[in-house]
Structures are given as structure tokens and as C-alpha cells.
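Enquirer: Residue 69 in the UniProt record's numbering sits at position 69 of the sequence shown, with consecutive numbering throughout.
All residues carry an ideal CB built from backbone N, CA and C; glycine is no exception.
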Amino acid sequence: MNKIYEKLVSCYESVRKITDFVPETALILGSGLGDYADSIQVECEIDYHDIEGFPVSTVLGHEGKFIFGHVNDVPVVCMKGRVHYYEGYPISDVVLPIRLMKLLGAKVLFLTNASGGINPEFNPGELMIVTDHISCFVPNPLLGENIEELGTRFPDMSDIYNKEMRNIIQASAEKLGIGIREGIYVQLTGPSYESPAEIKMLGALGADAVGMSTAVEAIAGNHMGMKVCCISCVSNLAAGISKAPLSHKEVQEAANIAAPNFKKLVSECIAAFSRN
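Below, the structure is given as C-alpha cells:
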């Protein structure tokens, strides 16, 4: 058995010893957005440390546990804290949680993140529907021997952020009276913030926002046949656009501004996804 797949199956069996909960939607909470977990009607919580071999988040604001429960009667599994490539994990470990949630039953992958705004029209605290991504300098999680149990060798990525799901997010935002942007997200490795020259390059490539996660997760989810979507919280203006030094504190402050609308929108979307 492929070692990556063997590790995945081991994590699956470890979770199934604790709970038989079958989620419909897998939700990942980005930096500063973890408070959304308080909105979930919790059935079970599993600390990442309790899953044998599972990568553990080391970043401030990423608590590090799975939450199984219901949002508007929809069964969900929520990652309160994700794993990043810059923490030193191999890329297969970074996407292991996505693959695990799919094995547990999730058909929808609902990604969220905090990002730096490259588009000069964007403001801190605004939300953005990710329409597409650029994965830059980050290893593709499908490199190496293809794991046939998970998906095809050459998966199509032309609609990686499912158009139907994006339309549902847009309609949900309109229903709630929440203004929302659309744009292209780019993932770099981090952990250092981007230089002004890098931001200028990314803007020339067509990116609207930049961060240190998400794209590789979307690739892995799409490979396994999940319907993928993403809402990004623009937490700050990127280097060269902002005149102030960048900090993780700024990310948290912007997430706090966005939190009320973010919570309402995510809950509305989860319910709407289930109906479609």
C-alpha cells in the first residue's frame, strides 16, 4: 500500500474509534475565523493530538481540533485550525485532513482563509468569493505516485472552485444584504509576508488576494471529487499597497470586523449547499 494512503487510512481508523459521525460538508476555518465553531451544534470534538500520525497545527489562532456537529441541521465536520506547508510538514500531510474528511463522508469542501488584498479596490475586513487560484512556489499535493483510491492521475482543474457553489454563495450574500467581492487567490509558501516586488508580480499575474494556504487543499479536494468553494477574508492590504508593516495581529483585527457577516454567510451557505 502507498505510504501516504496507508497513513490516511490509519488516521481514518483512529477517528472511527471515537465517532461514527458522517459529515456532509467539510469546513476549514482560516486565521482569526475560528470563533465560527461556536455556531455549531456540537456532537463530538477530536483534538488532532488524539489522531495517530495526524499533523498538528502550531500557529497562534489555529486551535487544532475537529468539530463534528450540525449547522442548520446539516451534518458538518469543521477544522478549527489547519496545517500549513511553512510549518515544516510535507505537502502530503498538509492535505491529509482534506482527504480524511472526504473518507469520513464529506462531499462539499468549504474553505475559508485570511488573505492580503492585492486588488487596490479591496478593503480590510471585506469578504471575497474565490473564483480561481494560482499555486505559486508550493509543491503540488498530487506529485509522486498517484493514489488510485483517491482519484485520477490527471484531474481537471478548470472549475476547481465549483461555479454552482460560487453562485450559491453570491445569492446567499445578496439574501443577507452582505457585500462580497469575487477574485483570484494566490498561495505562496510563507511564513514571511510577501515583498512589495512579489506583490507587484502577483498583481501582474492577475491575483486579487494572497495567502499561505487553500490552493493545495482545493487541489486535493477536487482530485477526490469534492465540490470545492472558498470565502476569503481580506485581512490587510498587501506589502507595497499598505504603508504600514504587516502583522498577524492585523489579521485578527480584520477577522473580528468581518466575523458577524462571516458567521451569517457561512451558515446560510451550508444550508443552501445541502438543498442543492
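With the cut-off set at 9 Å, would you say Thr131 and Tyr89 are in Cβ contact?
Expert: Working through the sequence shown from its first residue, we reach residue 131 at position 131. Working through the sequence shown from its first residue, we reach residue 89 at position 89. Contact flag unset, no.
Enquirer: Taking the straight line between their C-alpha atoms, what separation do you get for Ser232 and Leu150?
Expert: Walking along the sequence shown from the start, residue 232 turns up at place 232. Walking along the sequence shown from the start, residue 150 turns up at place 150. Whole-angstrom Cα-Cα distance: 27 Å.
Enquirer: If you run the structure through DSSP and keep just helix, strand and coil, what is Met79?
Expert: Within the sequence shown, numbered from 1, the residue matching residue 79 stands at position 79. DSSP places Met79 within a strand segment (E or B) once states are collapsed to three.
Enquirer: Please identify the residue among Val22, Ala197, Pro155 whose C-alpha is closest to the C-alpha of Ala106.
Expert: Here residue 106 is taken as the residue at index 106 of the sequence shown, counted from 1. Here the closest residue by C-alpha is Val22.
Enquirer: Are three or more beta carbon pairs between the region 123 to 142 and the region 74 to 91 nearer than 8 Å?
Expert: At 8 Å Cβ cutoff, the stretches touch.
Enquirer: Determine whether the beta carbon atoms of Val74 and Ser235 lie at a separation below 9 Å.
Expert: As a working mapping, residue 74 is identified with position 74 in the sequence shown. As a working mapping, residue 235 is identified with position 235 in the sequence shown. Not a contact, by the Cβ cut-off of 9 Å.
Enquirer: Cα separation between Gly177 and Ala207?
Expert: The count along the sequence shown starts at 1 and reaches residue 177 at position 177. The count along the sequence shown starts at 1 and reaches residue 207 at position 207. Cα-Cα distance, rounded: 26 Å.
Enquirer: Which residues mark the beginning and the end of the alpha helix (DSSP H) in which Glu24 is found?
Expert: Residue 24 sits at position 24 when you count from the first residue of the sequence shown. It is not in any alpha helix (DSSP H) - Glu24 carries neither H nor E in the DSSP assignment.
Enquirer: Val108 and Glu43 - do their beta-carbons sit closer together than 9 Å?
Expert: In the sequence shown, residue 43 corresponds to position 43, counting from 1. In the sequence shown, residue 108 corresponds to position 108, counting from 1. Not a contact, by the Cβ cut-off of 9 Å.
Enquirer: Leu96 and Leu8 - do their beta-carbons sit closer together than 9 Å?
Expert: Sequence index remark: in the sequence shown, residue 8 carries index 8 (1-based). Sequence index remark: in the sequence shown, residue 96 carries index 96 (1-based). Yes, these two residues count as a Cβ contact at 9 Å.
Enquirer: Check Phe110 in the structure and name its three-state DSSP category.
Expert: Residue mapping note: residue 110 aligns to position 110 of the sequence shown, counting from 1. DSSP places Phe110 in strand when its eight states are reduced to three.
Enquirer: Can we say the region 144 to 158 touches the region 220 to 229, given the rule of at least three CB pairs closer than 8 Å?
Expert: yes
Enquirer: Span of the beta strand (DSSP E) holding Lys227?
Expert: Working through the sequence shown from its first residue, we reach residue 227 at position 227. Lys227 -> beta strand (DSSP E) spans 227 to 237.
Enquirer: I want to know whether the region 175 to 189 touches the region 122 to 129 - three or more CB-CB distances under 8 Å.
Expert: yes
Enquirer: Among Asn276, Ile257, Ala272, Ile270, whose alpha-carbon lies nearest the alpha-carbon of Asp35?
Expert: As a working note, residue 35 is residue 35 in the sequence shown. Nearest option by C-alpha distance: Ile257.
Enquirer: Pull up the DSSP beta-bridge partners for Cys44, would you.
Expert: By 1-based counting over the sequence shown, the position of residue 44 is 44. Paired residues: Phe68.
Enquirer: Within a Cβ cutoff of 7 Å, which residues of the same chain sit near residue 322, ignoring the five residues on either side of it in sequence?
Expert: As displayed, the chain neither begins before 1 nor continues past 276, which places residue 322 out of reach and without an answer.
Enquirer: Whole angstroms are fine: how far does the CA of Leu142 sit from the CA of Ser39?
Expert: To locate residue 39, count along the sequence shown from 1; it is residue 39. To locate residue 142, count along the sequence shown from 1; it is residue 142. Roughly 34 Å between the two C-alpha positions.
Enquirer: Cβ of Glu194 within 9 Å of Cβ of Leu205?
Expert: Along the sequence shown, one-based indexing puts residue 194 at 194. Along the sequence shown, one-based indexing puts residue 205 at 205. Here Glu194 is not near Leu205, since their CB atoms are 9 Å or more apart.
Enquirer: From Phe110 to Ile67, what does the alpha carbon distance come to, in whole angstroms?
Expert: For the purposes of this step, residue 110 is taken as the residue at position 110 of the sequence shown. For the purposes of this step, residue 67 is taken as the residue at position 67 of the sequence shown. About 14 Å.
Enquirer: Should His49 go down as buried or exposed, given a rule of 16 or more other Cβ atoms within 10 Å for buried?
Expert: Here residue 49 is taken as the residue at index 49 of the sequence shown, counted from 1. Answer is exposed; the Cβ neighbour count stays below 16.
Enquirer: Among Pro124, Glu145, Ser92, whose alpha-carbon lies nearest the alpha-carbon of Glu217?
Expert: Taking the sequence shown and counting its residues from 1, the one referred to as residue 217 is at position 217. Selected option, being the one with the closest Cα: Ser92.
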